[in-house]
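Accompanying notes for the structure given below.
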Amino acid sequence: MSDDADDRPIVTEIVDGVGVLTLSRPRKINAVTVEMLGLIDAALDGWQHDPAVTAVVLRGAGERGFCAGGDITQIHRNGTTDPRRSVDMWRREYRGALRLSRFPKPVVSLMDGLAMGAGVGLGGHVALRVVTERSAVGMPETLIGLTPDAGGSYLLSRAPGELGTHLALTGRAMTGADAIATGFADVMLASSDLDRVIPALTAGGVPAVRSLAVDPPPAPLLSAAGWIDDAYRGDDARAIVARLRRLGSEGVADAGGAADDIEAASPTSVVLTLHAQRRARRLPDLEAVLGQELALVSALAASHDLVEGIRARVIDKDRSPRWSPPTLDEVDVEGIVDSIDWDTRL
Numbered sequence: 001m002s003d004d005a006d007d008r009p010i011v012t013e014i015v016d017g018v019g020v021l022t023l024s025r026p027r028k029i030n031a032v033t034v035e036m037l038g039l040i041d042a043a044l045d046g047w048q049h050d051p052a053v054t055a056v057v058l059r060g061a062g063e064r065g066f067c068a069g070g071d072i073t074q075i076h077r078n079g080t081t082d083p084r085r086s087v088d089m090w091r092r093e094y095r096g097a098l099r100l101s102r103f104p105k106p107v108v109s110l111m112d113g114l115a116m117g118a119g120v121g122l123g124g125h126v127a128l129r130v131v132t133e134r135s136a137v138g139m140p141e142t143l144i145g146l147t148p149d150a151g152g153s154y155l156l157s158r159a160p161g162e163l164g165t166h167l168a169l170t171g172r173a174m175t176g177a178d179a180i181a182t183g184f185a186d187v188m189l190a191s192s193d194l195d196r197v198i199p200a201l202t203a204g205g206v207p208a209v210r211s212l213a214v215d216p217p218p219a220p221l222l223s224a225a226g227w228i229d230d231a232y233r234g235d236d237a238r239a240i241v242a243r244l245r246r247l248g249s250e251g252v253a254d255a256g257g258a259a260d261d262i263e264a265a266s267p268t269s270v271v272l273t274l275h276a277q278r279r280a281r282r283l284p285d286l287e288a289v290l291g292q293e294l295a296l297v298s299a300l301a302a303s304h305d306l307v308e309g310i311r312a313r314v315i316d317k318d319r320s321p322r323w324s325p326p327t328l329d330e331v332d333v334e335g336i337v338d339s340i341d342w343d344t345r346l
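To convert, note that position 251 of the sequence shown is 251 in the UniProt record's numbering; the numbers rise steadily by one, no gaps.
Pasting the structure below:
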């Protein structure tokens with residue numbers, strides 16, 4: 001596999017009739033760049049009409065994960081110079097996610113290790129989504145001043161009860177078992193069995209890969225579903241935080257931690273994310289939700305909170321973002337919601 005100095009951030013090969021696409025920036029946990037999106041598209045163009053290719057596998061190089069998300073250092077630079085470059089990248093990314101969801105040959109994603117943000121965009125909408133005991137899957141965008149995207153809000157809005165709202169607002173990661181329970185993944189394989197996926201696909205297609213699955217352990221999120229459904233009802237982020245604080249004071253320790261997470265995130269992002277979650281539930285399909293996500297990230301591409309959030313978490317790493325406005329109480333909810341063109345098309 002390549003390292004970050006390699007000029008091949010995407011490695012493609014055909015193995016026994018399976019097109020294998022490897023994200024190959026392991027030192028960056030395969031963070032996605034616009035160049036990589038173009039190379040993925042080119043590979044799919046070739047394989048779509050190649051009768052020698054019967055299926056596709058998406059995987060990540062290195063031991064740490066499938067894909068840590070988009071290359072947010074580039075998004076930070078764009079935010080201070082030319083935000084349109086980020087918007088163009090997001091549009092391409094979302095169209096790629098839609099293409100993968102509709103690809104005429106089975107696509108299997110191996111979301112081993114980290115699968116965050118753009119990693120969910122690549123791996124979360126395909127024919128068979130595989131997680132392992134090492135998986136950590138999530139949409140942490142509120143922590144950097146964005147909203148869940150790349151089709152993440154589609155999956156979050158369709159998770160059972162209010163589990164998706166909890167994940168969207170806090171930015172928390174899921175275990176592999178959680179990802180299956182919430183609809184982000186289909187099966188769990190032992191990480192030691194991932195090398196068996198391609199031979200299984202060759203021999204028997206997707207059903208043969210499913211036969212390799214192991215029973216996932218209990219999903220931690222499901223054990224918390226009762227208090228999560230209670231706390232996250234409604235459309236007012238401040239009321240949600242207040243209910244979490246009440247539950248925390250009554251002995252539900254993780255509810256207090258969730259309130260801390262939400263209050264540490266960008267208040268503007270939290271408000272927009274909650275509204276987007278509720279609206280996404282009513283939208284008919286992935287394409288419509290991706291259009292809504294494009295509207296949101298386009299509005300936030302040059303925002304103070306996006307530039308500041310990436311600075312605090314990735315550039316300076318002080319974990320002390322100075323949000324504007326700094327608290328949920330100070331957010332002009334109606335003004336922010338009304339500023340978005342919610343009916344944007346992809």
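Virtual Cβ for every residue (Gly too), placed ideally from N, Cα, C.
By a C-beta neighbour count over all protein chains shown, 10 Å radius and 16 as the cutoff for buried, is residue i buried or exposed?
i: His-49; result: exposed
i: Ala-52; result: exposed
i: Lys-28; result: buried
i: Pro-321; result: buried
i: Gly-152; result: buried
i: Glu-330; result: exposed
i: Ile-40; result: buried
i: Val-314; result: exposed
i: Asp-7; result: exposed
i: Thr-132; result: buried
i: Ile-340; result: buried
i: Pro-140; result: buried
i: Ser-24; result: buried
i: Asp-338; result: exposed
How would you write the range of the beta strand (DSSP E) that residue i sits in, first residue to last?
i: Asp-13; result: First, the residue type needs correcting, since residue 13 is Glu and not Asp in the sequence shown. It spans 10 to 15 - the beta strand (DSSP E) in which Glu-13 sits, taken as one unbroken run.
i: Ser-109; result: 107 to 111
i: Ala-21; result: First, the residue type needs correcting, since residue 21 is Leu and not Ala in the sequence shown. Leu-21 -> beta strand (DSSP E) spans 18 to 23.
i: Leu-306; result: It is not in any beta strand (DSSP E) - Leu-306 instead sits in the alpha helix (DSSP H) that spans 304 to 310.
i: Gly-251; result: Element bounds for Gly-251: n/a, residue is neither H nor E.
i: Ala-136; result: 136 to 138
State the DSSP-derived secondary structure class of residue i, mapped to helix, strand or coil.
i: Val-53; result: coil
i: Thr-81; result: coil
i: Leu-212; result: coil
i: Thr-147; result: coil
i: Ala-173; result: strand
i: Gly-119; result: helix
i: Ala-225; result: helix
i: Leu-114; result: strand
i: Gly-65; result: strand
i: Arg-129; result: strand
i: Val-46; result: Looking at the sequence shown, residue 46 is not Val but Gly. Of the three classes helix, strand and coil, the one that applies to Gly-46 here is helix, per DSSP.
i: Thr-73; result: helix
i: Val-32; result: strand
i: Arg-313; result: helix
i: Arg-322; result: coil
Given residue i, which residues of its chain have a CB within under 7 Å of its CB, disregarding the five upstream and five downstream residues?
i: Thr-327; result: Pro-267
i: Val-270; result: Thr-142, Leu-169, Ala-237, Ile-262, Leu-328
i: Glu-162; result: Ile-228, Asp-229, Tyr-232, Arg-233
i: Arg-95; result: Leu-346
i: Arg-134; result: Asp-112, Gly-113, Ser-191
i: Thr-273; result: Thr-142, Thr-147, Pro-148, Ala-168, Leu-169
i: Val-15; result: Ile-198
i: Ala-213; result: Val-187, Met-188, Leu-189
Should residue i and residue j be called a contact, given that it needs their Cβ atoms to be closer than 8 Å?
i: Ala-302; j: Pro-83; result: yes
i: Pro-216; j: Ala-173; result: no
i: Ala-118; j: Ala-159; result: no
i: Val-295; j: Thr-344; result: Note on identity: in this sequence residue 295 is Ala, with Val being the wrong assignment. Taking 8 Å as the Cβ cut-off, Ala-295 and Thr-344 qualify as a contacting pair.
i: Asp-305; j: Gly-145; result: yes
i: Phe-66; j: Gly-123; result: yes
i: Leu-244; j: Tyr-154; result: no
i: Ala-42; j: Leu-21; result: no
i: Ala-31; j: Gly-69; result: yes
i: Leu-222; j: Leu-98; result: no
Return the chain-ordered list of same chain residues with a C-beta closer than 6 Å to the C-beta of residue i, the five sequence neighbours on each side being excluded.
i: Val-126; result: Leu-100, Val-107, Ser-109
i: Met-36; result: Pro-9, Ile-10
i: residue 360; result: An answer regarding residue 360 cannot be provided, because it is not within the stretch 1 to 346 covered by the chain.
i: Glu-333; result: Here the sequence assigns Val to residue 333, which means Glu is not the residue at that position. Excluding residues within five positions, the ones whose Cβ falls inside 6 Å are Val-271.
What first and last residue would you give for the alpha helix (DSSP H) that runs through residue i?
i: Leu-346; result: Note, Leu-346: premise wrong, no alpha helix (DSSP H); not H, not E.
i: residue 392; result: Because the chain here runs from 1 to 346, residue 392 falls outside it and cannot be looked at.
i: Pro-267; result: 267 to 282
i: Asp-338; result: 333 to 338
Excluding the five sequence neighbours on either side, which residues of its own chain have a C-beta within less than 8 Å of the C-beta of residue i, listed in chain order?
i: Val-18; result: Val-53, Thr-54, Ala-55, Val-56, Val-57, Ile-198, Leu-201, Thr-202
i: Ile-336; result: Thr-268, Val-271, Leu-272
i: Gly-38; result: Arg-92
i: Arg-311; result: His-76, Pro-321
Return yes when at least one heavy atom of the ligand PLP lies under 7 Å from the C-beta of residue i, else no.
i: Gln-48; result: Absence of the ligand PLP is noted for the structure shown, with no ligands found whatsoever.
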